[in-house]
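If you're matching positions, the sequence shown starts at 506 in this note's numbering and goes up one per residue.
We put the beta carbon where it would ideally sit given N, CA and C, even for glycine.
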Amino acid sequence: MNNIKINESEEELSYFEPRVCVIGPGGVASDLAQLFSARYQTILFDTDRAHQHDIEKIRHCNFYVVVVPPQEEQNNHPYPPSLMQVCEILGKVISGGNIVVCENTLNTAVNEEACISLIEKISGLTCHNDFFAGCSPGWSNVPNQLQSVGEIIEQRFRTTPEIGKIVHEIYSAVMAPGGEIAS
């Protein structure tokens with residue numbers, strides 16, 4: 506019998522197999538989907554072009570990345586319309602164990618007040634019990650070049666340490682320290 510040695514880093518992996526859906530309007534969502542698709546099975550759900558019947562295509566995903574266009578964030582919408590549209594869609598498809606990352610620069614309170622409550626209302630699920638959610642700083646908005654996007658997400662992700670670790674692993678696999686695209 507051969508002894509298989511597992512190095513420490515392999516023992517610590519979460520073994521979460523992400524099926525990523527980047528959901529939101531237009532170009533920013535497309536860029537982010539392209540980034541994730543280099544490493545993971547990824548679907549882009551462009552809310553500007555998708556139709557209601559397309560929603561079924563994203564139901565099998567388990568890691569949803571919500572994107573809000575920067576111009577909407579800056580127009581002082583308390584709850585940007587495209588963000589609410591995305592949350593309604595997620596409420597229809599999300600299932601137990603799924604992870605939602607709000608990929609924007611809106612403050613965490615907006616994500617918790619608006620996004621999560623709308624997803625909970627439509628899905629009938631409870632955040633941090635049935636599904637998990639948090640926010641990232643925006644993949645192109647990394648304040649400290651010495652800190653990886655994954656570390657920032659882990660700090661801002663208000664959930665269990667295990668879920669924070671999964672999000673960190675997924676982002677770290679496609680991002681290099683400083684928020685650059687990993688090669």
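Alpha carbon of residue i to alpha carbon of residue j, nearest angstrom
{"i": "Phe521", "j": "Val606", "result": "15 Å"}
{"i": "Ile689", "j": "Val672", "result": "Past the edges of the chain, shown from 506 to 688, lies residue 689, and the structure says nothing about it."}
{"i": "Leu537", "j": "Leu549", "result": "9 Å"}
{"i": "Gly655", "j": "Cys566", "result": "The predicted model places Gly655 with a pLDDT of 47, which falls under 50 and marks its position as unreliable; any figure quoted below should be read in that light. Roughly 21 Å separates the two Cα atoms."}
{"i": "Pro648", "j": "Gly669", "result": "Residue confidence for Pro648 is low, a pLDDT of 45 falling below 50, so the modelled location carries little weight and cannot support an answer."}
{"i": "Glu561", "j": "Gly596", "result": "12 Å"}
{"i": "Leu630", "j": "Met680", "result": "31 Å"}
{"i": "Ile675", "j": "Glu625", "result": "24 Å"}
{"i": "Ala678", "j": "Phe568", "result": "14 Å"}
{"i": "Val525", "j": "His556", "result": "19 Å"}
{"i": "Ala543", "j": "Glu608", "result": "18 Å"}
{"i": "Ile686", "j": "Glu667", "result": "With a pLDDT of 44 at Ile686, under the threshold of 50, the modelled position of this residue cannot be trusted; read the value that follows with caution. Spanning the two alpha carbons is a distance of roughly 24 Å."}
{"i": "Ser587", "j": "Val598", "result": "17 Å"}
{"i": "Ala638", "j": "Val573", "result": "16 Å"}
{"i": "Phe541", "j": "Met589", "result": "23 Å"}
{"i": "Cys632", "j": "Cys640", "result": "13 Å"}
{"i": "Arg564", "j": "Gln539", "result": "19 Å"}
Selection from the options that minimises the alpha carbon distance to residue i
{"i": "Thr665", "options": "Val573, Ser677, Phe636 and Val679", "result": "Phe636"}
{"i": "Asp553", "options": "Val679, Gly532 and Cys640", "result": "Gly532"}
{"i": "Val591", "options": "Leu623, Met680, His633 and Val525", "result": "Leu623"}
{"i": "Ile627", "options": "Glu667, Ser600 and Pro586", "result": "Ser600"}
{"i": "Glu593", "options": "Glu608, Ala619, Asn603 and Ile604", "result": "Ala619"}
{"i": "Asn634", "options": "Ser587, Glu608 and Asn603", "result": "Asn603"}
Enclosing alpha helix (DSSP H) for residue i [first to last residue]
{"i": "Ile705", "result": "This structure cannot settle anything about residue 705, because the visible part of the chain is limited to 506 through 688."}
{"i": "Tyr569", "result": "Per DSSP, Tyr569 belongs to no alpha helix (DSSP H); it is in the beta strand (DSSP E), Phe568 to Val572."}
{"i": "Gly531", "result": "Gly531 to Ser542"}
{"i": "Lys670", "result": "Pro666 to Val679"}
Beta-carbon spacing of residue i, residue j below 8 Å
{"i": "Val695", "j": "Thr547", "result": "Given that the chain is displayed from residue 506 to residue 688, the structure contains no residue 695 and the question cannot be resolved."}
{"i": "Pro523", "j": "Tyr545", "result": "yes"}
{"i": "Ser535", "j": "Asp559", "result": "no"}
Residue i - partner residues in DSSP beta bridges
{"i": "Phe636", "result": "Cys632"}
{"i": "Phe550", "result": "Ile528"}
{"i": "Ile604", "result": "Phe568 and Phe637"}
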